[in-house]
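Chemist: Using my numbering, you'd call the opening residue of the sequence shown number 1 and step up by one each time.
Glycine is no exception: its CB is placed at the ideal position from the N, C-alpha and C atoms.
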Amino acid sequence: MKKVFVIFMIFTSFVQAQAPSQSADLESTLHTNKWVINAQLFGVGPVHRIWSQGITAGYYINPFQLIQLEIMTGNRLMIDANGSGRESATFTAVGGHLKHLIGRSLYVKGGLDFTQVNYNYAYARSNTNDDFGFIGNATELTLAFGNQWRVFANGVVGFDWLGISLPITSNVRSDFVSSSVSNQTSSRSELEDAETYYLKRQTINLVRFYAGFTW
Numbered sequence: 001m002k003k004v005f006v007i008f009m010i011f012t013s014f015v016q017a018q019a020p021s022q023s024a025d026l027e028s029t030l031h032t033n034k035w036v037i038n039a040q041l042f043g044v045g046p047v048h049r050i051w052s053q054g055i056t057a058g059y060y061i062n063p064f065q066l067i068q069l070e071i072m073t074g075n076r077l078m079i080d081a082n083g084s085g086r087e088s089a090t091f092t093a094v095g096g097h098l099k100h101l102i103g104r105s106l107y108v109k110g111g112l113d114f115t116q117v118n119y120n121y122a123y124a125r126s127n128t129n130d131d132f133g134f135i136g137n138a139t140e141l142t143l144a145f146g147n148q149w150r151v152f153a154n155g156v157v158g159f160d161w162l163g164i165s166l167p168i169t170s171n172v173r174s175d176f177v178s179s180s181v182s183n184q185t186s187s188r189s190e191l192e193d194a195e196t197y198y199l200k201r202q203t204i205n206l207v208r209f210y211a212g213f214t215w
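1. Nearest to Phe-213 by alpha carbon, out of Ile-204, Gly-85, Val-151?
2. Does the region 193-201 come within contact of the region 110-119, defined as at least 3 CB pairs closer than 8 Å?
3. So what's Ser-23 in DSSP terms, helix, strand or just coil?
4. Taking only three categories from DSSP, how would you classify Thr-196?
5. Name the residue from Trp-161, Glu-140, Pro-63 whose alpha carbon lies nearest to the alpha carbon of Asn-147.
6. Going by DSSP, which residues form a beta bridge with Gly-133?
7. Given that a residue counts as buried once 16 or more other Cβ atoms are within 10 Å of its Cβ, and exposed if not, what is Ala-138?
8. With burial defined as no fewer than 16 other Cβ atoms inside 10 Å of the residue's Cβ, what is the status of Arg-208: buried or exposed?
9. If you draw a straight line from the alpha carbon of Val-156 to that of Ser-52, how long is it in whole angstroms?
10. DSSP has Ala-93 in a bridge; who is on the other side?
11. Would you call the region 30-50 in contact with the region 91-98, where contact means no fewer than 3 C-beta pairs closer than 8 Å?
12. Relative to the C-alpha of Gly-111, which residue among Asp-80, Gly-136, Leu-166 is closest?
13. Among residues of its own chain, excluding the 5 on either side of Lys-34, which ones have a beta-carbon nearer than 7 Å to its beta-carbon?
14. For the ligand HEM, is there a heavy atom less than 8 Å away from the beta-carbon of Asp-131?
15. How is Met-208 classed by DSSP in three states: helix, strand or coil?
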């Protein structure tokens, strides 16, 4: 928790140092529209190793900074290499972020994401009915940098090139293990590993591409 606080303070200090003391010449190159809406078409994050899509709506509080509301969803389906089981995970995330523009296209952004994960694992072996899963929530501090560009009159395209999501709090709302007595201990251990993997592990966000428009 202390590490998360230090990172957040460094990020905040950096944004404040860059804020609107920048030149009027640069300000004149930035659009004067107040609202923006983007659709994220592909990318990884904010949940570990799950591709995501979503919608972002933002409002420019000044030519260099905008506040954003972001809604993301994603899913992952994986079959074990030997065909012994199937893993599925889906998530929905809602986040509030501050994006700060540096120069003509570069930006940094930070905020909080509130994420729900629904996970299930089912064994495919014919001699067992083992399966387990959970529904859990996590609150994450997210930091990222990227580039965005104006296209045509009011169009916007951009990338969150690289970011990180750091869990602050997490909890499991419900979980289950349905298995034979001999496999209860093993299944419970695997379930706890999955809960840690999806709810408590920091996530690297990669190449989140979006397109939209301003007005």
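Modeler: In brief:
1. Val-151
2. yes
3. Residue placement at Ser-23 is poorly supported in this model, since its pLDDT is 42, which falls under 50; the coordinates still yield a value, given next. Coil.
4. helix
5. Trp-161
6. Asn-120, Phe-176, per the DSSP bridge assignment.
7. buried
8. buried
9. 19 Å
10. Paired residue(s): Met-72, Thr-115.
11. yes
12. Leu-166
13. Only Tyr-59, Tyr-60 meet the Cβ criterion.
14. Only the bare structure without any ligand can be found here, which leaves the ligand HEM out of the picture.
15. The amino acid at residue 208 is misidentified as Met; the sequence shows Arg. Strand.
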